[in-house]
Structure formats: structure tokens, C-alpha cells
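Protein chains in written order, with my numbering: chain D, 25 to 425; chain E, 25 to 425.
Let me begin by presenting the structure, written as C-alpha cells, before commenting on it.
There are 2 protein chains.
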Amino acid sequence: MKIIGKMGSKSIKDTDEIDLLNNNNFKGFLIKLADRVNVAEGVSAIESILRCIYRNQPISTKKIAQYTKLPLPIVSKVRTMLERNRILSRVEQGAVYSEYGIKLINKHLNLKMKHDLKCPKCGGKGILLDETFKKILKKHREYTKLRPTVNTSIDQSFATPETGVYRAGIMADRGDLEGKRVLFIGDDDLTSLPTAMTDFCEEVVVMDIDDRLLNLIDNISKRENLNIKTIKHDFRKPLTKDFKGAFDVVFTDPPYTLNGLKLFLSRSVEGLGEGSSGVLYLAFSHKPMEEYLEVQKIINSMNFAIYELIPGFNTYEGSEIIGNTTFLARLMGKNLKKFKNEEIDLNKLYTGEVKPTIRYYKCLNCNRIHSIDGRSLCIENLICNCGGKKFKMVKRKKVKK
Amino acid sequence: MKIIGKMGSKSIKDTDEIDLLNNNNFKGFLIKLADRVNVAEGVSAIESILRCIYRNQPISTKKIAQYTKLPLPIVSKVRTMLERNRILSRVEQGAVYSEYGIKLINKHLNLKMKHDLKCPKCGGKGILLDETFKKILKKHREYTKLRPTVNTSIDQSFATPETGVYRAGIMADRGDLEGKRVLFIGDDDLTSLPTAMTDFCEEVVVMDIDDRLLNLIDNISKRENLNIKTIKHDFRKPLTKDFKGAFDVVFTDPPYTLNGLKLFLSRSVEGLGEGSSGVLYLAFSHKPMEEYLEVQKIINSMNFAIYELIPGFNTYEGSEIIGNTTFLARLMGKNLKKFKNEEIDLNKLYTGEVKPTIRYYKCLNCNRIHSIDGRSLCIENLICNCGGKKFKMVKRKKVKK
Chain D
25 MKIIGKMGSK SIKDTDEIDL LNNNNFKGFL IKLADRVNVA EGVSAIESIL
75 RCIYRNQPIS TKKIAQYTKL PLPIVSKVRT MLERNRILSR VEQGAVYSEY
125 GIKLINKHLN LKMKHDLKCP KCGGKGILLD ETFKKILKKH REYTKLRPTV
175 NTSIDQSFAT PETGVYRAGI MADRGDLEGK RVLFIGDDDL TSLPTAMTDF
225 CEEVVVMDID DRLLNLIDNI SKRENLNIKT IKHDFRKPLT KDFKGAFDVV
275 FTDPPYTLNG LKLFLSRSVE GLGEGSSGVL YLAFSHKPME EYLEVQKIIN
325 SMNFAIYELI PGFNTYEGSE IIGNTTFLAR LMGKNLKKFK NEEIDLNKLY
375 TGEVKPTIRY YKCLNCNRIH SIDGRSLCIE NLICNCGGKK FKMVKRKKVK
425 K
Chain E
25 MKIIGKMGSK SIKDTDEIDL LNNNNFKGFL IKLADRVNVA EGVSAIESIL
75 RCIYRNQPIS TKKIAQYTKL PLPIVSKVRT MLERNRILSR VEQGAVYSEY
125 GIKLINKHLN LKMKHDLKCP KCGGKGILLD ETFKKILKKH REYTKLRPTV
175 NTSIDQSFAT PETGVYRAGI MADRGDLEGK RVLFIGDDDL TSLPTAMTDF
225 CEEVVVMDID DRLLNLIDNI SKRENLNIKT IKHDFRKPLT KDFKGAFDVV
275 FTDPPYTLNG LKLFLSRSVE GLGEGSSGVL YLAFSHKPME EYLEVQKIIN
325 SMNFAIYELI PGFNTYEGSE IIGNTTFLAR LMGKNLKKFK NEEIDLNKLY
375 TGEVKPTIRY YKCLNCNRIH SIDGRSLCIE NLICNCGGKK FKMVKRKKVK
425 K
């Protein structure tokens, strides 16, 4: 998960004197608002927040962020500004329109849909778990409780157990598990577990740099007789010879940076075989348009084509500040090409390296505040002076270069 | 709709003497089969047919083609060959596995899923029509009955009324209709009707070269008070000044050739505004991998990114020989660029120009056979010597250049 916009620090100008019932004034107000919160998607982001609230009011800031696929800090800021301008009010269950707000929205945006058309049965995913997969979900829920704490310095963040099982479900549905050799390029989400629990695959191999995750997968694999092979691997190095071209399908949820994408996809290509063909499932964060375009150009340049793309397919547990989801894309490739290591900036793989951030954690025992920059010390290694080992993130701040 | 493979003319070699229970023999058999029917997707196409039948048996050839998104003639040929090799049998309702076939499939492909996970409520589309849209569908079903015959020389083919209404539904759901100016670059599917019936849009404009369709849309628009503006336009020419940059959203279902795509998307960019941003809905046929990649490179080079892609979203009425569906993609673009006319081969816009085909039609009155090459005379202008005006296509043949 990654924050895809920056918050403006300037305070909003009082618009009390401006008549927002005038169409041009309202348009100007939206532009100013988009500008103030510095959201990459511009006015369309503000409109999508307004539309989301109209269809779902009352709704919490977190849910607005999930629905609109915008960063939570941006949504929070926009909501506050809309409140200051008396367009929104705040009730216990979340944001609602004021009478004045409804008037503006009807007049200027022609909003009429009071609900969306998302299928209530599958939540828009298009697939549904059958009894077999429901049983897998029940088990997977228990196993995911055993996960270690996330290592944010390498952009770990854990997908929900539901996401893991739906991923296995969609791969099975699309014919990408039965009789197939499946490789996970990184698996902090533990998606290999529900995948192997189907008993559909010829082989399931997990590569990751984190011993804690590999050990956990090993233990569960033994207990459930899943036969998952785990390999400790630093993806800055190429796959070893045995694993090159040894797979039909790869799943990866790489760091959400362009260099992270290039690196993880290059290892995926090695697994499928350079010059060969194969299927790749990619989970990646919703990006502002320019970056989205870069992502797709990278994908295409490796000779992968996007056969299917489902926005918001994956949801993640953890930090309150990030309410976001990521998309899932099914790529197919032929005559596959990878990037050479010299074409990848290995110093800019992780979000923390591209946009350095300081996180502040409160000890749940003594309330002492600790700051973590994610480069030297990670939250999972933090022990408070009082001996406390449980923390809650209370704030995060971007570091200006 | 377009045929995306070629049928081999060689007869299949008798494999009676080969033991297909041997894994290598079976693999070789699949490769040979893919080779014989000359399917661009190779062995994975054969596997996907085998998987489809396993999950849905008994199933008709047409339904297999829809499910696998492969051309019907290919599916038909594969089915026949699998029957000759005693892997499939033929019952009244369609193809089923023989006992021997099941044995092979279980042994070599590890097929275990007896059904897929597609959501039964929304059919995998992820959205569901509400009461408003159901009413629109009821009306639209009646209006689509008034459509003229298709002009195959310009790749016309009619989407089902359901597809039209689901298109309007998904555009509304994604926030691309309310208060928006919407342009249709070609509308043989009459998607503008359900779109305008929502009463969500600020403006709906349809451009097409076919007077018959424009008149029909005009008449229905007047009757239903839809306020659709229709413009006769040949897309080989740029849009006129008034329409440049005049729209927020464009919908197009272009001819399924790379030059057709370039041309229709370039006009779409003019409608959204060169250098500007906007949303584009693109319906396009499922292509073999290399061509898919070309399609996506064209899209990206115009600065559109694929935000969502749903395979098989659109289904079409008409010719029995084509059982296929197309995908729907939601693209967003910024700083949009178009192709100049000199970068587009205007002589290769339509399928008939890229892959010339002769179609044979039988007069339903006197059974006389007529051949049509789709360039000089079109089926909708054909009158039999007996005076008959109703025909059925009985065969089609590619013309070798």
C-alpha cells in the first residue's frame, strides 16, 4: 500500500463570500480544492468523493478512501474542507450532505444515482467462493493470525485472508491452477496457502527474502500436507538455474514503485522463461494517471498484455492510515523479456526509498512515542524502554529531500 | 466480431496406434492438434476447450466458443478431432467426455473443478441492473427490433439489447454519465439509447456513417424525448471544430483491426480534446497475444491507461458462425495524443480489407446460393432473382491474396 498524493499545507480560503450556486464559482471551487489538497487526479478526484458520499451517506472517511481508491489523508482533508464550506455535515456514522450541499450537487453535478450497481452477491469481483473455497477460507483465517509483524522497510503489508482465498479462486476459475506449476515472487500475503490447499497445482513454490514468512509457510505446509517448496531469495539477484523457465503461472504483489515493479516482473519472467510464454497475476496499487501509464508501458515492454484488470480486488489489513485497495491484473505473455539489473535502480525499490517517511508509534504499555524512519530500525524490532513490544502508529510524515 | 484464427486443411493423422495414456504422447497430441487447427493461442487454446467441456458438459460448440473466447470454426474443428480420437462423444445437448477421455484428462491435466466460480447473480460482470435499468432494458429490447440489417462491409454487428443496457449501467456506476457530455464514435449497437434513457447525461451525441442508424436513433430520441444529437460523419475525416474537446466521455466499438482502432481512437481523442484528459470506453475483440499487445501499445501511445478490463462483457447478435464476445475496457487519459491520418492505413480499416472473405447466402424463398465479397455488393442490398429478400449465410471462405 502506498500513499499516492501529497497534502497541501496552505489553509483553505474562506469561501463564505462566494456564491457557490453560481456554476462557474462552483467549478472554480472544485479546482481550488483539488489544488489545495494537491491530489494528482485533480477535480475528478473531488467529484468522485462527492459522488461516493451521495451514494453511500452516511459514510466514514476510511470507506470513502476504499471506494474512491484515493489515499486516506487526501480524503480526510477534502472532507474537512467540504465541512468548512457547509457542504457536508458530520454525524456519528460519518459524512452526510447538508441541505445546502445537496442543492449544489444536484444543480452542478446532476448526481441522481442514490446507490451504485455493484453486484451485492460478489461485491463486484465477478466470482463467488464455492463450498470448497469457503472451507479453505475458514482454515486460512486461522493461519493468517500467525503472521509476524509487517516489515514496512520492504513495503510488506498483509492482504486480508478473504483476499488471499479470492486470489486462489480467480486463478482456479481462469484455469491457471489445475495441473500448473505456480511460483510466488514474494508472498507476505501468504496467498500460497489457499492456492496449495485447493490441491489443484502440480507444484507451488514460494520465494521471499523474509525467513519468518518462509518458516511459517513451511510449518503450515507440513501440517496440512501442502507440499509447498519455500526458497529464501533476494530478488536483486536472478533466480538460480533450476527455477528458470520452470513455471506456468506466477503471482506477485511487488513494492509499489516503478523499479520494484521492474525487478519483481523480471524475476517473474525468469520463472516463466525468457523468450517463453506464461500467465502472470499482478497486484499493484491504483496510481495517478501518469504513473499508471508508466506501469502499463513497463508491462507491455516485457511482452505481457493485460487480459483482465479488476480495480479494488485486493484489500489489506493493518495500519489505520491506509484504507486503500489494489487492483489485480491477469497478464499473458509470449516471447517474454526481462529488464537487466543495470536498467533497474536498486536503490529505489521501496516506497520508503522513493518517498522517505517517518512513522511515529505509541507504546501500548507506557504511551511513550517512538519515531521510526524504516531504514535503520523497523517496527518489528522495536522494544520500548518499559519492555513493551506492542505499538500503534499514531502519525506519519514525509521527509523532504 | 472477427475470426481470429485459420482452419488447417490437412486431415488429422490417425492416433489410434498412439497410447495417449502416456504423458509425453498426450502432450505431443495436444501440440499436433493446436498445429492442425492453426490456432494462434497454441496448446493453451486446446486446454481451455478441454477445461470448458469438463466444467460444463454437455455443452454446444457455440457455447464453448463464447466461454473460451475462441473462434467458432476453430472450436468446431477441435471438437471433431477430439471425437475422432474417442476423447469426446456427441449427445443431443452437445459435447461430453467419453470414459476414456475423462481418464486422460484426470491423468494429464489434473482437472478437478466441475464448475466455475463465476458469480451466478451478475454472470461475472460485477454489476447488476436495478429497477430503473430493468425498465430501460424492457424498452430497449423493443427498439433494437427496429434495427436495419447489418452492413458487414464496414464490420457492423449488433450487440444484444442486454449488452447495450449493461454498458450504460457500468458507465453510470463508474460515475461517467451523471452531468457528463458523452460522445459515441460509431453506434451500430444503439448504446446511445439506454445511455440517454438514464437521463443522467448533460449531453449525448452520436456520430456514425450509416444514415439508417442515425434516422432510427433520431426517431426514437424524439419519441422518448431523449435529446440525442446525431451527426453523419465519416471517421476518415477529423471531427469538425465544434466537437473538438467538447466531451468528457467517449464510447466506441471500432472495427477490430489495428488501423480501425487507431482511427476510431484518434477521433475519440479529438472529441475529448488533444492534450486534454478524459474517459474512454472501448469494446474490442479478444485477440491472440501478439495482436493484443499491439492493441495495448496503441492505447498507451495515445496516453490512455487501462483502468479496468472485463473480458467477454459484450455479446453480439447475428451470424451463427460467430459465437464470440468482446471485452470492455475503461481507459483514462491525460495529455491525449492522436494518430495523424498518414500514420493510419485507411485501406485496411475493416476486417474484409485485412482478411478478405467471401460469404455464401441461401435465399430462404428459392434456396438459390449467392456469393458476396462484401466490397461491391452487401447482403442488405441483395435481392434474389425470385424476388426473395431474406437470406441465411451458409458458408464463408477466406480469399487468399
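Glycine is no exception: its CB is placed at the ideal position from the N, C-alpha and C atoms.
Computed from a predicted model, the values in this text were never measured in an experiment.
Counting the other Cβ atoms within 10 Å of the Cβ of Asp179(D) gives 16 or more, which makes it buried. Think of a sphere of 7 Å around the beta carbon of Phe224(E): the chain D residues whose beta carbon falls inside it are Asn134, Lys136, in chain order.
If you look at Ala69(D), you'll find it in the alpha helix (DSSP H) that goes 67–80. Ranked by how close their Cα comes to the Cα of Lys311(E), the residues Thr339(E), Val273(E), Phe351(E), Ser300(E) have Phe351(E) in first place.
In the DSSP assignment, Asn109(E) falls outside any beta strand (DSSP E) and carries neither an H nor an E. If you ignore the 5 residues before and after Leu152(D), its C-beta comes within less than 7 Å of the C-beta of Lys145, Cys146, all in its own chain and listed in chain order. CA-CA distance, Gly336(D) to Ala69(D), rounds to 16 Å. Collapsing the DSSP output to three states places Val273(E) in a strand. For His394(E), the uninterrupted beta strand (DSSP E) segment begins and ends at 393–396.
Going by DSSP, Phe351(E) is part of the beta strand (DSSP E) stretching over 349–357. Under the 8 Å criterion on CB atoms, Ser72(D) is classed as interfacial with respect to chain E. Among the bridge pairs identified by DSSP, Arg205(D) is matched with Glu227(D).
Within the same chain, Tyr384, Lys386 come within 6 Å of Ile393(E) by CB-CB distance, once the 5 residues on both sides are set aside. Within 8 Å of the CB of Asn338(D), no CB atom of chain E is found; the nearest one sits about 15 Å away. Between Ser216(E) and Ile255(E) a beta carbon distance of about 12 Å is seen, past the 8 Å cut, so the two are scored as non-contacting. The CB of Tyr331(E) comes closer than 8 Å to the CB of Tyr316, Leu333, Pro335 in chain D, given here in chain order. Contact annotation for Asn324(E) against chain D: Leu317, Gln320, Lys321, Asn324 [CB-CB distance below 7 Å, chain order].
Proximity of Glu298(D) to chain E, defined by a Cβ-Cβ separation below 8 Å, is not satisfied.
Of the residues Thr349(D), Ile98(D), Lys246(D), the one whose Cα lies closest to the Cα of Arg60(D) is Ile98(D). Annotated three-state conformation of Ala192(D) is helix, per DSSP.
Around the beta carbon of Arg291(D), 16 or more other beta carbons lie within 10 angstroms, which makes this residue buried. Distance from Phe415(E) to Asn134(D) at the Cβ level is roughly 46 Å; contact not present, criterion being Cβ atoms closer than 8 Å. Contact residues of the stretch 147–181 of chain E toward chain D are Gly147, Gly148, Lys149, Gly150, Ile151, Leu152, Leu153, Asp154, Thr156, Phe157 (C-beta to C-beta distance below 9 Å). Using a Cβ-Cβ cut-off of 8 Å, Lys286(E) does not count as an interface residue toward chain D, since no Cβ of chain D sits closer than that to its own.
Within the same chain, and ignoring the five residues on either side of Val67(D) in sequence, the residues whose Cβ sits closer than 7 Å to its Cβ are Leu54, Ile55, Ala58. Contact annotation: the stretch 67–87 of chain E touches the stretch 125–133 of chain E, with at least three C-beta pairs closer than 8 Å. Here the alpha carbons of Phe288(E) and Thr184(D) stand approximately 42 Å from one another.
For the stretch 99–133 of chain D, the beta-carbon criterion of a distance under 8 Å to any beta-carbon of chain E is satisfied by His132, Leu133.
With respect to Lys268(D), Glu294(D) sits close: the two C-beta atoms are nearer than 8 Å.
Minimum Cα-Cα distance from Asn243(E) among the listed residues Arg171(E), Gly210(E), Leu285(E) corresponds to Arg171(E). In this structure, Leu207(D) keeps its C-beta atom at 8 Å or more from the C-beta atom of Val189(D).
Rounded to the nearest whole angstrom, the C-alpha separation of Lys413(E) and Ile407(E) is 5 Å. Put simply, the stretch 274–283 of chain E touches the stretch 366–373 of chain E. At least three CB pairs are less than 8 Å apart. Proximity to Pro95(D) across Asn239(D), Arg108(D), Asn62(D) peaks at Asn62(D), based on C-alpha coordinates. Of the candidates Leu296(E), Asn283(E), Leu250(E), the residue whose Cα lies closest to the Cα of Asp266(E) is Leu296(E). Inclusion of Gln320(D) and Ala329(E) in the CB contact set at 8 Å is warranted, their separation being smaller than that value.
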